[in-house]
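Chemist: Before I ask anything, let me first share the structure, which is written out below as structure tokens.
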Amino acid sequence: PYDSPTYPKLGQMGAYSNFERFSQNDVQDVVEFARQRGVRVVIEVDTPGHAASWCKGHPEICPSPSCLMPLNPATNATFDLIEGLFKDLKAATIDGSFHIGGDEVDTTCWSNTPAIQQWMTEQNYTADQAYGYFVNRVSDIVFGMNRSVIGWGTLWKYFGTELDKRTILHVYKPAFDVVQPAINAGYRVIWSFETVWYFDRLGTTWETMYQQEPCTNITTQQCDTLMLGGGGEMWGETVDTSDIQNTIWPRMAAIAERLWSPMATTDLTKAAPRITYFRCLLNRRGIGAAPVTNSQGRQPPAGPGSCFDQ
44 PYDSPTYPKL GQMGAYSNFE RFSQNDVQDV VEFARQRGVR VVIEVDTPGH
94 AASWCKGHPE ICPSPSCLMP LNPATNATFD LIEGLFKDLK AATIDGSFHI
144 GGDEVDTTCW SNTPAIQQWM TEQNYTADQA YGYFVNRVSD IVFGMNRSVI
194 GWGTLWKYFG TELDKRTILH VYKPAFDVVQ PAINAGYRVI WSFETVWYFD
244 RLGTTWETMY QQEPCTNITT QQCDTLMLGG GGEMWGETVD TSDIQNTIWP
294 RMAAIAERLW SPMATTDLTK AAPRITYFRC LLNRRGIGAA PVTNSQGRQP
344 PAGPGSCFDQ
């Protein structure tokens, strides 16, 4: 985790070990390294779910010792910590956006915690409305720092057109049916469908990734103004330094070319030599990109031979 200068217990007590933490300087180094290469670094602090490790250092912001998530919406301590954390990260970053997450929130803990249940009753909130309250408070913190809010497409599922129009929706679940209705309502969107652009889906080939089109079923004007782009996602549950490079590469190159190319550029036969050459280039530069012909991400070559034939 990140070592927050304001809330050091988050890193000290939430880490797997003392060596597996990001300092403020580490974050600044990554941001500067990326800036020099024309790459934006957008920080995601996922709330109110995916935050169980926070409870080790700050149990006061969690529902109970036996039910850690989502974070407690009924105490200002939760939002004070989130604000302090974002202020620390603002000092370490330069991008104009923060990603607040908001996905995969199971509110059972709130309903089963007497103090939170009493608060919801006093506020006349359902659990979904309490989630909406939480998202709005965190969004206000970010907007107050003059940064844009990015949130997962889950927010559309709960808010619809009541969502603040300044919010950018990062869409990952096709089943939520977010892209067309959100864009038709004037919201900006980032496209990262988990079924085709998630690298932990090891059976998804570069060809499948290349054939996706985020601007399907929207107008050219909407594509130009409201579809901000997309990205491949690599989550950390099944990777470490031993396999992260060959899980991402060369498949990420297929997504990159898709996003940087005209919609009419879809020919896999013509794309294959380009991605093969790029994979070999990555290997020469010390990046462990997997063979292009793999049926499964991160597989080794089937046998000896040139990188141009693997």
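Sequential numbering from 44 applies to the sequence shown in the numbering used here.
We put the CB at the ideal spot given by N, CA and C, even for glycine.
How would you call P334, buried or exposed, if buried means at least 16 neighbouring beta carbons within 10 angstroms?
Modeler: buried
Chemist: For M270, which beta-bridge partners are listed by DSSP?
Modeler: Its beta-bridge partners are V232.
Chemist: Evaluate W303 with the Cβ neighbour count: other Cβ atoms within 10 Å of its Cβ, from every protein chain shown; 16 or more gives buried, anything less gives exposed.
Modeler: exposed
Chemist: Taking 8 Å as the threshold, find out whether the segment 199 to 208 comes into contact with the segment 246 to 253 through three or more Cβ pairs.
Modeler: no
Chemist: How many Å lie between Q223 and T259 at the Cα?
Modeler: 9 Å
Chemist: Using 8 Å as the threshold, is the segment 88 to 99 in touch with the segment 45 to 64, meaning 3 or more CB pairs across them?
Modeler: yes
Chemist: Classify E126 as buried or exposed, calling it buried when 16 or more other Cβ atoms lie within 10 Å of its own Cβ.
Modeler: buried
Chemist: Are the Cβ atoms of Q255 and R327 separated by less than 8 Å?
Modeler: No.
Chemist: In this structure, how does DSSP classify V82 when only helix, strand and coil are distinguished?
Modeler: coil
Chemist: Just reading off the alpha helix (DSSP H) that W195 is part of, what are its end residues?
Modeler: First-last for W195: 191 to 195, but that is the beta strand (DSSP E), not the alpha helix (DSSP H).
Chemist: According to the neighbour-count rule (16 or more other Cβ atoms, all chains shown, within 10 Å of its Cβ), is L212 buried or exposed?
Modeler: buried
Chemist: Just mark L269 as buried or exposed, buried being the case when its beta carbon has 16 or more other beta carbons within 10 Å.
Modeler: The residue in question, L269, is buried, as its Cβ has 16 or more Cβ neighbours within 10 Å.
Chemist: Could you give the DSSP three-state label for E87: helix, strand or coil?
Modeler: Secondary structure at E87: strand, using DSSP grouped into helix, strand and coil.
Chemist: CA-CA distance, P116 and A296?
Modeler: Roughly 41 Å separates the two Cα atoms.
Chemist: Please say whether S235 and Y215 have beta carbons closer to each other than 8 Å?
Modeler: yes
Chemist: Identify, in the order they occur along the chain, each residue of the same chain with its Cβ nearer than 8 Å to the Cβ of Q160, setting aside the five sequence neighbours on each side.
Modeler: Apart from the 5 residues on each side of it in sequence, Q160 sits with its Cβ closer than 8 Å to the Cβ of W153, S154 in its chain, given in chain order.
Chemist: Mapping DSSP to helix, strand and coil, what is F141?
Modeler: strand
Chemist: Rounded to a whole number of angstroms, what is the C-alpha to C-alpha distance between V282 and Q288?
Modeler: V282 and Q288: Cα-Cα distance of roughly 9 Å.
Chemist: I'd like to know whether the C-beta atoms of A120 and I143 end up nearer to each other than 8 Å.
Modeler: One thing to note: A120 has its Cβ no nearer than 8 Å to the Cβ of I143.
Chemist: Thinking S47 and D131 are a contact (beta carbons under 8 Å), I'd like their distance in whole angstroms, please.
Modeler: The pair is a contact, with the Cβ atoms about 5 Å apart (cut-off 8 Å).
Chemist: Which word fits S60, buried or exposed, when buried means at least 16 other C-beta atoms lie within 10 angstroms of its C-beta?
Modeler: exposed
Chemist: Would N337 be called buried (16 or more neighbouring beta carbons within 10 Å of its own) or exposed?
Modeler: buried
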